[in-house]
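A.B. asks: If you read the sequence shown in this note's numbering, its first letter stands for residue 7, the second for the next number, and so on.
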Amino acid sequence: MTYITPTEDIAIMRIDRKAQMPSFLYRFLFCSLLCLHFGAPTAMAQTDAWKPVWSDEFNGDSLDFSKWEIEINAFGGGNHELQIYTDRTENVRIEQGHLVIEAHKGRTGIAGTERDYSSGRIRSKRRGDWTYGKFEARMKLPAGQGLWPAFWMLPSDEKYGTWAASGEVDILEFKGQEVDTLWGTLHHGGSWPRNKHTGLTKRFDGIDFTQDFHVYGIEWEPGEFRWLLDGQVWQVQKGWGTENGNFPQPFDQPFHLVFNLAVGGQFVGVVAEQTPFPAKMLVDWVKVFQRQ
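Following this line, the structure appears as structure tokens:
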């Protein structure tokens with residue numbers, strides 16, 4: 007809450023008591039003069055409250071490893087995904103001012119595991135970790151049955167237990183076969199299989215998220231998350247929990263950013279024969295703000 011203390015240069019209207027002006031009208035005129043002098047205090051405070059603390063414009067020749075780590079694994083995310091994540095430039099690279107995460111069809115193997123697809127996944131763990139803030143990325147998403155791009159956050163330490171007792175924040179999840187629909191989800195509760203999730207699936211009529219760049223984001227504050235699309239709120243969550251703590255836990259600890267493009271899995275289903283490969287997820291920039 008913002009409190010305003012009048013200063014000497016504010017023109018305070020003098021009221022003739024004999025005129026017996028109603029007190030409510032006096033208060034209205036007084037508040038109007040304050041607003042004319044200062045502007046709209048609450049809106050101004052909210053606009054000015056977020057301060058930039060971290061960003062990546064992806065303008066270099068290669069990924070900035072002071073900010074990012076490329077993950078290499080064949081885990082499948084616990085969702086029966088079909089890709090192997092590699093550090094090959096065909097899967098993760100900087101190109102024309104964009105982060106490119108590209109999925110390829112073709113037999114790929116690491117550590118004795120082989121899969122039919124390869125792709126990329128990066129994270130900011132130990133290089134960028136925050137408790138609360140505003141997180142935004144300007145992205146263009148790929149189309150095709152079975153493609154699963156995501157912009158999300160994981161706890162940097164499992165303070166309240168293994169997934170999902172320590173939480174997960176899905177800022178953006180997308181199905182390549184549903185080009186006008188976004189998913190925003192919180193994962194919490196107990197460790198698997200006692201985990202829970204809460205969120206919203208929203209269809210945006212007239213928008214194809216695979217045709218243009220859009221800004222996807224979230225505002226995370228104590229006790230509240232607000233999902234953003236191009237600066238407009240489309241979902242708010244104020245309730246969650248963990249078996250090993252009290253609200254607002256587990257979302258009161260440092261989290262880091264993750265970008266990835268998965269192929270197949272329980273969320274998106276099978277990969278269609280006509281799904282185009284290679285398939286690209288493009289990130290123009292990512293920015294982090296915190297209240298100061």
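Glycine is no exception: its CB is placed at the ideal position from the N, C-alpha and C atoms.
(1) CB H203 to CB W169, shorter than 9 Å?
(2) Does L69 pass the burial test, meaning 16 or more other C-beta atoms within 10 Å, or should it be called exposed?
(3) Would you tell me roughly how many angstroms separate the C-alpha atoms of F64 and K146, rounded to the nearest one?
(4) Tell me which residues share the same chain as V292 and place their Cβ nearer than 6 Å to its Cβ, disregarding the 5 neighbours each side in the sequence.
(5) How far does the beta strand (DSSP E) with L178 in it reach, from first residue to last?
(6) If you check the beta carbons only, do Y123 and V294 fall under 9 Å apart?
(7) Report yes if the C-beta distance between Q183 and L153 is below 9 Å; otherwise report no.
(8) Could you say which of E75, K57, G126 lies nearest to L88 if we only look at CA atoms?
(9) Among I224, V242, R99, which residue has its Cα nearest to the Cα of K286?
(10) Could you check how far apart the C-beta atoms of W56 and K140 are, in whole angstroms? I think they sit under 8 Å.
(11) By Cβ distance below 6 Å, which residues in the same chain neighbour L234 in space, the five residues on each side in sequence not counted?
(12) Looking at the structure shown, is A156 part of a helix, part of a strand, or coil, going by DSSP?
(13) Who does V221 pair with in a DSSP beta bridge?
(14) What do you reckon, are the CB atoms on F231 and V242 nearer than 9 Å?
(15) Which of the three DSSP states, helix, strand or coil, is assigned to A278?
(16) Cβ atoms of D211 and D186: under 9 Å apart, would you say?
(17) Tell whether a beta-carbon distance below 9 Å holds between G115 and I90.
(18) How would you call G173, buried or exposed, if buried means at least 16 neighbouring beta carbons within 10 angstroms?
(19) With H, G and I counted as helix, E and B as strand and the rest as coil, what does DSSP make of G82?
(20) Within 10 angstroms of its Cβ, does W198 collect 16 or more other Cβ (buried), or is it exposed?
(21) The beta strand (DSSP E) that contains L267, what's its start and end?
(22) Extract the residue ranges of the beta strand (DSSP E) inside the stretch 80-129, only unbroken runs of 3 or more that lie entirely within it.
(23) With K181 and V274 assumed to form a contact (beta carbons below 8 Å), what rounded beta-carbon distance in angstroms separates them?
(24) With distances taken from CA atoms, which of Q296, V264, N85, D290 is nearest I177?
(25) Tell me which residues share the same chain as I78 and place their Cβ nearer than 7 Å to its Cβ, disregarding the 5 neighbours each side in the sequence.
(26) Look at the alpha carbon of T281 and the alpha carbon of G150, and state the distance between them as a whole number of angstroms.
(27) Would DSSP call A285 helix, strand or coil?
(28) Would you mind giving the Cβ-Cβ distance between F257 and W226, rounded to the nearest angstrom? I have them listed as a contact below 8 Å.
(29) Under the rule that 16 or more other beta-carbon atoms within 10 Å means buried, what is H262, buried or exposed?
(30) Might you give, ordered along the chain, the residues of its own chain that have their beta carbon closer than 6 Å to the beta carbon of W189, omitting 5 neighbours on each side?
(31) Quick one: using the 10 Å Cβ neighbour count with 16 as the cut-off for buried, is H110 buried or exposed?
(32) For N266, I'd like the list of residues in its chain whose CB is within less than 6 Å of its CB, leaving aside the five on either flank, ordered along the chain.
C.D. replies: With the structure as the only source:
(1) With contacts defined as CB atoms closer than 9 Å, H203 and W169 fail to qualify as a contacting pair.
(2) Residue environment analysis places L69 among the buried positions, since at least 16 neighbouring C-beta atoms fall within 10 angstroms of its C-beta.
(3) F64 and K146 have their C-alpha atoms spaced approximately 14 Å apart.
(4) Shown here for V292: same chain residues with a beta carbon closer than 6 Å to its own, the five before and five after excluded, namely D62, A143 in chain order.
(5) Its beta strand (DSSP E) spans residues 174-179.
(6) Contact annotation: Y123 and V294 have beta-carbon atoms that are not nearer than 9 Å.
(7) Yes, they are a contact pair.
(8) L88 has its Cα closest to that of G126, out of E75, K57, G126.
(9) Nearest of I224, V242, R99 to K286, Cα basis: R99.
(10) Rounded to the nearest angstrom, the Cβ distance from W56 to K140 is 5 Å, consistent with a contact under 8 Å.
(11) The residues are G223.
(12) Looking at A156 - three-state DSSP - the assignment turns out to be strand.
(13) Note: V221 sits in a beta bridge opposite R144.
(14) A contact, by the Cβ cut-off of 9 Å.
(15) DSSP places A278 in coil when its eight states are reduced to three.
(16) Result yes, Cβ atoms of D186 and D211 sit closer than 9 Å.
(17) Yes; because the gap between Cβ atoms is below 9 Å, this pair is in contact.
(18) Buried: at least 16 other Cβ atoms inside 10 Å.
(19) Here DSSP, grouped into helix, strand and coil, assigns G82 to helix.
(20) The residue in question, W198, is exposed, as its Cβ has fewer than 16 Cβ neighbours within 10 Å.
(21) Run containing L267: 261-269, per the beta strand (DSSP E) assignment.
(22) DSSP runs (the beta strand (DSSP E)) wholly in the stretch 80-129: 89-91, 98-101, 104-116, 119-125, 127-129.
(23) Indeed they touch by this definition, with Cβ atoms about 5 Å apart.
(24) V264 is the residue among Q296, V264, N85, D290 whose C-alpha sits nearest the C-alpha of I177.
(25) So the list reads Y91, T92, D93, I116, once near-sequence residues are dropped.
(26) One C-alpha to the other measures close to 5 Å.
(27) Shown here, A285 sits in a strand according to DSSP, grouped into three states.
(28) Yes, they are in contact, since the Cβ atoms of F257 and W226 sit about 7 Å apart, within 8 Å.
(29) It is buried - the Cβ of H262 has at least 16 other Cβ atoms within 10 Å.
(30) Taken in chain order, the residues that qualify are E179, T207.
(31) Classification of H110: buried, given that the 10 Å Cβ count is 16 or more.
(32) Within its own chain, the residues whose Cβ lies closer than 6 Å to the Cβ of N266, once the five positions on either side in sequence are excluded, are R127, A156, listed in chain order.
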